[in-house]
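Protein chains: 2
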Amino acid sequence: MPDKTPAAPVAPEGAARRGLAVDELRLDGGFWGRLQETNTTATLRHCLEWMERLGWTANFDRTADGATGGARPGWQFSDSEVYKLMEALAWEHGRTGSAWADAAFTALAERVAAAQDADGYLNTCYGHAGQADRYADLASGHELYCTGHLLQAAVARLRASGDDKLVEVARRAADHVCREFGPEGREGICGHPEIEVGLAEFGRALGEPRYTEQARLFIERRGRGTLPPIALLDAAYFQDDLPVREADVWRGHAVRALYLAAGAVDVAVDTGDAGLFAAVERQWARSVERRTYLTGGMGSRHQDEGFGEDWELPPDRAYCETCAGVASNMVSWRLFLATGDVRYVDLMERTFYNVIAASPSEDGRAFFYANPLHQRTAANAMRPDEVNARAEGGVRAPWFDVSCCPTNLARTLASWQSYAAAVEGDTLTLLQYAAGELEVRLDSGTVRLRVDTEYPRTGAVRVAVLAAPDGFALRLRVPHWADGATLDGRPAVPGWALAAGLGSGSSTVLDLPVDPRWTRPDDRIDAVRGCAAVERGPLVLCAESTDLPPEWRLEDVRVDPALPLAGTGDGATVGITAAAPAPAEPGRLPYGSGPQETGAPVAGELRLVPYHRWARRGGSSMRVFLPVAGAVSPLR
Amino acid sequence: MPDKTPAAPVAPEGAARRGLAVDELRLDGGFWGRLQETNTTATLRHCLEWMERLGWTANFDRTADGATGGARPGWQFSDSEVYKLMEALAWEHGRTGSAWADAAFTALAERVAAAQDADGYLNTCYGHAGQADRYADLASGHELYCTGHLLQAAVARLRASGDDKLVEVARRAADHVCREFGPEGREGICGHPEIEVGLAEFGRALGEPRYTEQARLFIERRGRGTLPPIALLDAAYFQDDLPVREADVWRGHAVRALYLAAGAVDVAVDTGDAGLFAAVERQWARSVERRTYLTGGMGSRHQDEGFGEDWELPPDRAYCETCAGVASNMVSWRLFLATGDVRYVDLMERTFYNVIAASPSEDGRAFFYANPLHQRTAANAMRPDEVNARAEGGVRAPWFDVSCCPTNLARTLASWQSYAAAVEGDTLTLLQYAAGELEVRLDSGTVRLRVDTEYPRTGAVRVAVLAAPDGFALRLRVPHWADGATLDGRPAVPGWALAAGLGSGSSTVLDLPVDPRWTRPDDRIDAVRGCAAVERGPLVLCAESTDLPPEWRLEDVRVDPALPLAGTGDGATVGITAAAPAPAEPGRLPYGSGPQETGAPVAGELRLVPYHRWARRGGSSMRVFLPVAGAVSPLR
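Taken in sequence, the protein lines are chains A and Y. Numbering of the first sequence is given in our numbering, commencing with residue 1 and proceeding in unit increments. Numbering of the second sequence is given in our numbering, commencing with residue 1001 and proceeding in unit increments.
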């Protein structure tokens, strides 16, 4: 392991900048500190308990014991959930030294290791007695996908704690993949990208260029239509319609598209492939400009869990899978590390607060899978022992048949520190704002900082320098939305603000304007025409039926952006009107020839709450985009 | 067969009114005459050729020969396509006496009969050597669904031509179902409703109450959660979530919901079950009021081919399957026959012109499966030998993997006459307007009428009485949209208009106003807020990129309903403006804090064309609901 590689999820060799090691920032409560603490005390254990209960971990024991062949619990990709939890446990141990996390990781590693075949193949669903053959179904088998997550878990362990048994298992699995799918092997690719990013990062972590080369091969092979369609899903579903370097925009299954893009950036950076890198930058830009929700969520369609077309952004049927939020940040982070461009970090903040933070329940034991921006019907609560298919219905579910989101959330929260700041020579750049202490290795020595803030509830961020080497420079990100920000009282325009000449004992205060503000969608987003939303700092707000008088229906509420908009806690209060439409003529279509008739409108106020907290007070109807009064009946 | 049963798809015994027999109206060209002629000369043969080519018909031969067990062409429900084509051929022969249709029917009947098992079971996918067991997978096996379509084909043959081999095959198949699933048999239901309507109509056609009773059992068993979920689809998908008589609205897979409702009406009418009947009426009303598109299309979601929630009517992702249009008319027709309520026929007209007529290409050899109301990206043409999965992409496809729509269209067009008028004692009611001659049996004798009209291009309908018995009365439907209609110069309000005292040699003229008119959606339909559509008579119009100057993009076009709206052919011309939005800041989300900046708007005119003809001039972007200028940027 190269000496200076940080204990962080993404660490390209020789990059101009790096993220924090997970142990370089200790959070003191606050927004992310509390979420991370809940991950520590609840979610990690919760995931382990569910996978033990359902037999997903025991699949490894059955494989080790030669007892395969009966009905196997879990989908064909359930091994990957175990690996994602292991990745989370590795970061957790690296960040906190948790003995529990270390022991849980080690115990799982023993069971995983025992299930590995002599030639390095490792999968509990294929290739053993009574199972389908290895790699017989590359389109939907997910075998290389699972291996990719194994490699990411090994990378976390290696960087956070050092070489161990799982790293050895991963090495043998990666060698197996290189033999099987290398230049001399079969020309296959996996229906679900992930092996690419796993191999690339594992190659970096071990300094092993063969793995990067294998990742490169998988990237180059993709987009040539070699995967057979799965039922009604076509080649674009798994990005086999166009080579990565030829595509202009993301399409198909969002998580697949984004994992592939992350792997492509890794390969492009490590091989100096400017064309491949530019392709992903171009895809990112167009997808952000035309296929991304206000929350940062990606994926407009339930049908294929996929991106829609340009401007196809329905709030109600937004899929916005939690995993796609995780994957979007994987891509943006890599692009930022390579370019230093603030746009990537701006999007990450939006996605952190409005997709990733929305998923877990307050107790960390239930999760959103889909993250729609509009819910018409309040969902029923679920029992703590209840499994949902994918929980699309406005309720956080304890677990899922396809349970990718909880463990993805767990590994992201366990390593959140890495994305909070970047190191470039002797310059430290704060990217995300959270109260805590940093102790960060710079080129000339270690800097120690204390950050005090209640962000995003308030906008003041005070950074005190406890110790700093000569030549230390501090940069702070001024988010795109923060018009009117100041640094020590002087205007700071969105982008980067430099706090010059800070030595030990000095401090600086960034003030970000977090008053609520109205936001309108592009006119071409048909699904929210005539609507506006309210944001507050990095938070997207929403209206919930919970906050309406019982006689009002959310569907009848209209707002007027000309009325005052006041901040309330971390939410806002808006003036609203509501008028119940006149009863329809029975059995007639909901289309008419004149203005819609309504009862007398009533006026009132409505509290808007941060989107990430919606449905925490029970099932509710909810909307982010609120229809503007008078904008709706075009015939007058 | 009761003496007075008409050769018509739906014939409840002892009903107050009946539809026309297929041979009681001869169309003379015109809108429906031409569509029917294309069905006769092209679509029927086209369907037969494709099923021969793909081996779907040969599946019956293999079953007869005991040669099952290898790879079987077609989905598990492909038998039903053969039966639907046979139903179409039976109506075709009954209507026209076509020797070709008769021969084609008879040849298929021989092959089908040969595949029937000794005990009456008939299915080419299950129960034979190398196949899964009979009824082992009721949720997705579609065996009873296929049998239901067999019974409908037999009903058509019986009513149109008389008893024959297929009727005997169907009788044995129905008896098998009654033994297997009767009161003493297993408590199962089929994942895809259809057996109910097939049994009920077959029972009517044969005067056999056992079949009606079996249909009743299937209806009553449904909604009790006995079907296992299919992957991520829940009980509502196949209407097994709630008993039919307890449901308030349609939900889940639209075709399944509607076939079930049609069967429930038949059972309710034949058993005098007022509660069951009222339940379907209630479901129809709420679904029409809140879950139906302007086109009459039903089914808002691709994911489950299903209804969405109330007000969930996205134009772009509208599924509006052609089959759901067929099925919606099956339900509405049954409700009309039982009640005489004009609302049901009004919806049928809308669905005929804007869903069913939209499906076929001009040459009758390609079909829309989904019928969205908004297409953002022009689709590529398909080759005549190309099979599509479901062709959701704005192009009519020659055939489909799941090819339910072409044969459903074929049987509907072959029997269109039945829905054009109703007979009640000595009263004839014209329901749909088309040029042609009627010769209809009334209680007191036969009436002969000549209808001259270019409807829907123009609104004048002239009915001449060629011969009529004493006591003859003529009623004409005045459509819901026809404000300002006149009958012989006197105002005729929407509903029924009575042309009194018409004897031989007299005539009457109904004048329906078909000037184009603006239509606005209910304020609660979020997906088309701030938009308006143009209708013209029964036709929904649309804007196609084909009619725009090449430098204009449809996504930038805005309309102003205050400007003049002129009729042009069977379309309209509207004033439009278009302003290209200012280029977005690269890599920034499509949401802003002020009005959207655009270039200088240009003004012009745009021809709107009937929706049913869209994409006939090549792939196009298209929209029915047009954004109203000034209604879109809520922040000013």
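For every residue, glycine included, the Cβ atom is placed at its ideal position computed from N, Cα and C. On a predicted model such as this, the values are computed, not experimentally measured, just so you know.
Within chain Y, the residues that A:VAL249 reaches when beta carbons sit closer than 8 Å: Those within 8 Å of A:VAL249 in chain Y number zero; the least Cβ separation is about 12 Å.
Min CB distance Y:ASP1470 to chain D below 7 Å: Given the protein chain composition of this structure (A and Y), no chain D is represented.
Chain-order list of residues whose beta-carbon lies under 7 Å from that of Y:GLU1220 (same chain, five-residue window excluded): none
For Y:THR1598 and A:ALA90, the rounded distance between their alpha carbons: About 51 Å.
Segment contact flag, the segment 1543-1551 of chain Y with the segment 477-496 of chain A, C-beta cutoff 8 Å, min 3 pairs: Output reads no: the segment 477-496 of chain A does not touch the segment 1543-1551 of chain Y.
Proximity of A:ALA434 and A:LEU27 at Cβ, strictly below 7 Å: yes
Classification of A:SER593 by the beta-carbon crowding that lies within 10 angstroms, buried from 16 upward: exposed
Own chain, CB closer than 7 Å to A:ASP426, minus 5 neighbours either side, in chain order: LEU442, ASP443, SER444, PRO469, GLY471, PHE472 and ALA473
DSSP three-state assignment for Y:CYS1320, whether helix, strand or coil: coil
Close Cβ partners of Y:HIS1176 (< 7 Å) along its chain, the five nearest in sequence each way excluded: ASP1119, GLY1120 and TYR1121
Chain A contact for Y:GLN1239 (CB, 7 Å cutoff): no
Length-filtered (3 minimum) beta strand (DSSP E) runs lying within the segment 1524-1575 of chain Y: Scanning the segment 1524-1575 of chain Y from its first residue to its last, the whole beta strand (DSSP E) runs of 3-plus residues come out as 1531-1536, 1539-1544, 1557-1559 and 1565-1568.
CB contact check: A:ASP119 to chain Y, cutoff 7 Å: no
Cβ-based burial, Y:GLU1321 [other Cβ within 10 Å; buried from 16]: Y:GLU1321 comes out buried.
Among A:SER300, A:THR339 and A:HIS149, nearest to A:VAL280 - alpha-carbon criterion: Considering only alpha carbons, the answer is A:THR339.
Rounded separation between A:ASP65 and A:ALA114 - CA only: Approximately 9 Å, taken between the alpha carbons.
A:ARG383 classed as buried or exposed, judged by whether at least 16 other C-beta atoms fall within 10 angstroms: exposed
Straight-line gap, A:LEU25 to A:ASP164 (C-alpha atoms, nearest Å): 25 Å
Nearest-angstrom Cα separation, counted from A:ASN39 out to Y:VAL1331: 53 Å
Where the segment 1058-1073 of chain Y meets chain A: residues whose CB sits under 8 Å from a CB there: none
Where A:GLU49 falls, given that 16 or more other Cβ within 10 Å makes a residue buried: exposed
Alpha helix (DSSP H) segment containing A:ASP363, residue limits: Counting along the chain, A:ASP363 falls outside any alpha helix (DSSP H), and DSSP gives it neither H nor E.
beta-carbon Y:ASN1371 near the ligand GTP non-hydrogen atom, thresh 6 Å: The ligand GTP is absent from the structure shown, which contains no ligands of any kind.
Whole-angstrom distance between A:VAL463 and Y:PRO1583, CA atom to CA atom: 37 Å
Limits of the alpha helix (DSSP H) - the one that A:GLU143 falls within: Its alpha helix (DSSP H) spans residues 143-160.
Beta carbon of A:LYS84 nearer than 7 Å to that of A:ARG411: Judged by beta-carbon spacing, A:ARG411 lies within the 7 Å limit of A:LYS84, meaning their Cβ atoms are closer than that value.
For A:LEU199 and A:LEU151, believed in contact at Cβ under 8 Å, the rounded distance: 6 Å
Bounding residues of the alpha helix (DSSP H) (the contiguous stretch that carries Y:ARG1034): 1030-1038
Secondary structure of Y:GLY1252, DSSP reduced to three states: strand
Where the segment 34-48 of chain A meets chain Y: residues whose CB sits under 7 Å from a CB there: Those residues of the segment 34-48 of chain A placed with their C-beta closer than 7 Å to a C-beta in chain Y do not exist.
Cβ-based neighbour list, A:VAL167, same chain, cut-off 7 Å, excluding 5 preceding and 5 following: ALA154, ARG157 and LEU158
Reduced DSSP secondary structure (H/G/I, E/B, other) of Y:ASP1452: strand
Where Y:THR1389 meets chain A, residues with beta-carbon distance less than 9 Å: The sequence given here has Ala at residue 1389 of chain Y, not Thr. Here the neighbours are PRO229, ALA231, LEU232, LEU233 and ASP234.
Contact the segment 1447-1460 of chain Y vs the segment 1526-1539 of chain Y: 3+ CB pairs below 8 Å: yes
Residue-chain proximity (A:HIS302, chain Y), Cβ-Cβ < 7 Å: Interface with chain Y (7 Å Cβ-Cβ cutoff): A:HIS302 is included.
Chain-ordered chain A contacts of Y:ARG1256 [CB-CB under 8 Å]: Under the 8 Å cutoff, chain A gives no residues; its nearest Cβ is about 17 Å from Y:ARG1256.
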